[in-house]
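Which chain is which? The protein sequence lines are Y and L, in order.
As numbered in this note's numbering, residues 365 to 791 make up the first sequence, in order.
As numbered in this note's numbering, residues 65 to 372 make up the second sequence, in order.
Only one structure is covered here, and it is reproduced in the block below.
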Amino acid sequence: MTKKYILKNGKLIDPKSNRNEVVDILIVDGMIEKISKKISSTKNETEVDLKNKIIAPGFMDMHVHLREPGFEYKETIATGTLSAAHGGFTSVCCMPNTNPAIDSESTLKFIESQSKKCNNGIVDVYSIAAVTKSRSGKGLSPIGELVKAGAVAFTDDGSPVQSAEVMRRALEYVSMFDLPIIQHCEDLDLARGGVMNEGLNSTKLGLPGIPRVAEEINIARDLILAEYTNAKYHVAHISTEKAVELIRDAKKKKIKATCEVTPHHFVMTDDAVLGFDTNTKMNPPLREKKDVAAMIEGLRDGTIDVIATDHAPHSYDEKQLDFLSAPFGIVGLETAIGLTITELLATKILTIEQIIEKFSVNPRRILNREINISEGERANFTFLDLENKWKVEISKFHSKSKNSPFDGKILTGRSIGIFNNGVLFLS
Amino acid sequence: MSLKRKHLLGLEGVSKEEIFEIFEAAQSMKEILQRPIKKVPTLQGVTIANLFFENSTRTRLSFDLAARRLSADVINFTSSGSSISKGETLKDTARNIEAMKIDAVVVRHHASGVPKFLSEVLKSNIINAGDGAHEHPTQGLLDIFTLKEKFGEIKGLRVCLIGDIAHSRVARSNIEGLKTLGAEISICGPATLLPREIESLGVKIFYNLDEALKNADAINVLRIQQERMESERFPTLREYQHLFGITNERLTKLNKKIIVLHPGPINRDVEISADVADGEHSLILDQVENGVAIRMAVLFLICTNKQN
């Protein structure tokens, strides 16, 4: 049976087609049938009243740890995608640090088939596969086979490729498929043993520091290699002032470099670590005021293309440890857009168009998963309420894990639902 | 008389008044320790657990003795031979011990922040006996108490901490406590063993030992903690001793009386020569003696705080 929806009175904002107007949208069997000022209902359609709400092209979080297979006690594809749907994401890209790592067609296909079974398949899950076998840093994974199976990018994520030679060959090889290599930039020699930003606060707390140079040196080296190989290169979760400068300069030189920042890196500083709260332990670590300012400037001037969460679920017991022993990372899917609207839109640092670019248009372009909003195209939308004031309550998270430093924070703005793959989801 | 705090996690944030209150109590405790019967019933019925997840001789004995001198019941726990090696988490271990009706926990751990963590998951009073490179508040207190006995006044006193500052919790507690009492603090050591932005804590940095000594009334010589170094921080012990070792020869050149402290254990003839450690400048054994008094004072003030 045909399923019809009418989205009524929503403000469609699509930076790609320069659209910003209040419209009705008729969706038939998951496809956009009609976009018009006014579409009359025939009572065969499910109506969704979006008055004073925003309709945006479906959001994509290009940095998510779904933990399945291997770490289902932290998160599963079902709970992770439900969390994504509540956060307003119609697509997530999962990182390969699963067990086994996503370095074979079978693991990738398993994730794909799981994701289609969960939550009516409303959230598209794309795999970012390992660039080296078992993320070991040695020996390329079967990249061609993985591309064919649907991998959208390659990375060893938390175990960054340390060898310049391996990185060079990886960039060259992956460039054949016009896909990017994503690097979690960290020189492991310089960062060894570190658990927070190296600076006054690590000195005060007596905790081993991760110096900013560990990130910057890795970025600088990779940018030189990316220029040399003319390959696409994307820096995951940048966190330092100089990292932004390096990428800004690279873009001026037309190096094919892009980058992302997480909400926590443009919202928090390492002052938050002073109480030893393990929910402030992440990698890269929270940095300092000047770095937060640089993230914001980078977002504003376009140096930073993407806002991604680095959603990193860990179980309650794992975070109930001393700071040194606790694992890195926080969950982010359900707070990302709220934090962004609160910190960047309300403060007039970014326009809503820029925010939509960083949550949808840019990550989709970087990973070749673009969507168009016009008649005849698949309906893939995120619905936003920019005015809604709400309180973050970790106990209400849909993610299996609750490790977030934002519990109790009052945010303005959130996603109220998504539409994708013919399914309407209202949170 | 009681401190207005439930725990002693560090000297950061501890007020001048609180420090002086501890010193005053320590003075009384010192008198008790001079008596033929060195024991009072003050903490009778109070049970204190010493949880030492890291090797320690002097601090553990000192806390143990301090508690016994006050008639508290003491249980001692060291990580070897415990359930830690069976994979039990720190939280479980601590809660299990607490379930045996413990009033206060004295904790030593290699990870910074463990006492703070325990203060959040336990109901007991927590006293930090050294956590990672963070703080060792009773050591800081006893060092400053020893200086106060010698000099009468800490305000304006020039104190230099020498050596491995990066790995030293003693350094941080000394800096916090001395700063609160108005001392002029400097540090001296290899650049590779000074933590980043330490100057923002209000300390002056010297790389030249003789200059540092010239500018100090007292020095606190820190142990080289090679076991904690992830990478090589100086070429050889010989070179370290040459550049930063405290020797009688160096001190004699100063033509002034300078006071030497060392929190122990000493690497003799590495950071400090034997003749200095045992010589006229040294107050090292006074520190140990004062350590028991300071810990008695802290246990007394914390455990008798009725607001707990």
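Beta carbons are placed, not taken as given, at the ideal position from N, Cα and C, and that holds for glycine.
Per DSSP, residue i is paired with what?
{"i": "A341 (chain L)", "result": "Its beta-bridge partners do not exist; DSSP assigns none."}
{"i": "L571 (chain Y)", "result": "Looking at the DSSP assignment, L571 (chain Y) forms no beta bridge with any residue, so it has no partner."}
{"i": "N114 (chain L)", "result": "L:N140, L:V170"}
{"i": "N561 (chain Y)", "result": "Y:I574"}
{"i": "Y490 (chain Y)", "result": "Y:C457"}
{"i": "S250 (chain L)", "result": "L:C224, L:K268"}
{"i": "Y369 (chain Y)", "result": "Y:I391, Y:T410"}
{"i": "D282 (chain L)", "result": "Residue 282 (chain L) is actually Ala in this sequence, not Asp. A282 (chain L) pairs with L:V223, L:I323."}
If you draw a straight line from the C-alpha of residue i to the C-alpha of residue j, how long is it?
{"i": "P259 (chain L)", "j": "S92 (chain L)", "result": "37 Å"}
{"i": "L365 (chain L)", "j": "L67 (chain L)", "result": "6 Å"}
{"i": "I486 (chain Y)", "j": "K480 (chain Y)", "result": "8 Å"}
{"i": "V356 (chain L)", "j": "A163 (chain L)", "result": "28 Å"}
{"i": "F640 (chain Y)", "j": "F687 (chain Y)", "result": "6 Å"}
{"i": "R233 (chain L)", "j": "I249 (chain L)", "result": "16 Å"}
{"i": "D350 (chain L)", "j": "T210 (chain L)", "result": "7 Å"}
{"i": "D393 (chain Y)", "j": "T366 (chain Y)", "result": "6 Å"}
{"i": "S147 (chain L)", "j": "F141 (chain L)", "result": "Below a pLDDT of 50, predicted positions are generally treated as unreliable, and S147 (chain L), at 49, falls in that range; the measurement from the model is reported next regardless. Computed Cα separation, rounded: 11 Å."}
{"i": "I611 (chain Y)", "j": "I574 (chain Y)", "result": "20 Å"}
{"i": "L587 (chain Y)", "j": "Y597 (chain Y)", "result": "8 Å"}
{"i": "A465 (chain Y)", "j": "G451 (chain Y)", "result": "26 Å"}
{"i": "S738 (chain Y)", "j": "R383 (chain Y)", "result": "11 Å"}
{"i": "L414 (chain Y)", "j": "N373 (chain Y)", "result": "5 Å"}
{"i": "D669 (chain Y)", "j": "H629 (chain Y)", "result": "14 Å"}
{"i": "N653 (chain Y)", "j": "S603 (chain Y)", "result": "The amino acid occupying residue 653 (chain Y) in the given sequence is Lys; Asn does not appear at that position. C-alpha separation (whole angstroms): 11 Å."}
{"i": "L430 (chain Y)", "j": "L265 (chain L)", "result": "42 Å"}
{"i": "H548 (chain Y)", "j": "I713 (chain Y)", "result": "26 Å"}
{"i": "G434 (chain Y)", "j": "N463 (chain Y)", "result": "4 Å"}
{"i": "T626 (chain Y)", "j": "T673 (chain Y)", "result": "5 Å"}
{"i": "D274 (chain L)", "j": "R332 (chain L)", "result": "20 Å"}
{"i": "N483 (chain Y)", "j": "A197 (chain L)", "result": "48 Å"}
{"i": "V608 (chain Y)", "j": "K683 (chain Y)", "result": "30 Å"}
{"i": "I112 (chain L)", "j": "V170 (chain L)", "result": "7 Å"}
{"i": "L650 (chain Y)", "j": "A578 (chain Y)", "result": "14 Å"}
{"i": "N114 (chain L)", "j": "D156 (chain L)", "result": "16 Å"}
{"i": "I322 (chain L)", "j": "A280 (chain L)", "result": "7 Å"}
{"i": "V104 (chain L)", "j": "V756 (chain Y)", "result": "53 Å"}
{"i": "V489 (chain Y)", "j": "T406 (chain Y)", "result": "34 Å"}
Just reading off the beta strand (DSSP E) that residue i is part of, what are its end residues?
{"i": "T622 (chain Y)", "result": "621-625"}
{"i": "S79 (chain L)", "result": "Run containing S79 (chain L): none; DSSP gives neither H nor E here."}
{"i": "C458 (chain Y)", "result": "453-458"}
{"i": "Q547 (chain Y)", "result": "545-547"}
{"i": "L390 (chain Y)", "result": "383-392"}
{"i": "S779 (chain Y)", "result": "774-784"}
Closest Cβ-Cβ distance between residue i and chain Y: below 9 Å?
{"i": "P259 (chain L)", "result": "yes"}
{"i": "T153 (chain L)", "result": "yes"}
{"i": "V169 (chain L)", "result": "no"}
{"i": "S176 (chain L)", "result": "yes"}
{"i": "R236 (chain L)", "result": "yes"}
{"i": "S146 (chain L)", "result": "Residue confidence is low: S146 (chain L) scores 49 on pLDDT, short of 50, so the model does not pin down where it sits. Its coordinate-derived value is still stated next. No, S146 (chain L) does not count as interfacial toward chain Y."}
{"i": "H198 (chain L)", "result": "yes"}
{"i": "E434 (chain L)", "result": "No answer is possible for residue 434 (chain L): the residues shown for chain L start at 65 and end at 372."}
{"i": "V223 (chain L)", "result": "no"}
{"i": "L265 (chain L)", "result": "yes"}
Under DSSP, the alpha helix (DSSP H) around residue i begins and ends at which residues?
{"i": "G194 (chain L)", "result": "Careful: G194 (chain L) lies outside any alpha helix (DSSP H), inside the beta strand (DSSP E) at 189-195."}
{"i": "A796 (chain Y)", "result": "Given that chain Y is displayed from residue 365 to residue 791, the structure contains no residue 796 (chain Y) and the question cannot be resolved."}
{"i": "N726 (chain Y)", "result": "726-730"}
{"i": "V362 (chain L)", "result": "348-367"}
{"i": "T210 (chain L)", "result": "201-215"}
{"i": "T316 (chain L)", "result": "312-317"}
Answer with yes or no whether the minimum CB distance from residue i to chain L is below 9 Å.
{"i": "F640 (chain Y)", "result": "yes"}
{"i": "S603 (chain Y)", "result": "no"}
{"i": "E562 (chain Y)", "result": "yes"}
{"i": "F800 (chain Y)", "result": "Coverage of chain Y is limited to positions 365 through 791, which leaves residue 800 (chain Y) absent and any answer about it impossible."}
{"i": "L571 (chain Y)", "result": "yes"}
{"i": "Q684 (chain Y)", "result": "yes"}
{"i": "R651 (chain Y)", "result": "no"}
Exercise for the section: Count the CB pairs spanning the stretch 538-545 of chain Y and the stretch 567-575 of chain Y that are closer than 8 Å, and state whether there are at least three. Expected result: no
Exercise for the section: Specify whether the stretch 336-350 of chain L and the stretch 306-326 of chain L touch according to this definition: at least 3 beta carbon pairs, one from each stretch, less than 8 Å apart. Expected result: yes
Exercise for the section: Say whether the stretch 765-778 of chain Y touches the stretch 739-755 of chain Y, bearing in mind that this needs 3 or more beta-carbon pairs closer than 8 Å, one atom from each stretch. Expected result: yes
Handout entry: Touch test, the stretch 655-668 of chain Y against the stretch 399-418 of chain Y, Cβ-Cβ under 8 Å, three pairs minimum
Key = no
Handout entry: Three-pair Cβ contact test at 8 Å for the stretch 754-768 of chain Y versus the stretch 676-685 of chain Y
Key = yes
Problem - Validate contact between the stretch 452-462 of chain Y and the stretch 515-529 of chain Y using beta carbons, cut 8 Å, 3 pairs - result: yes
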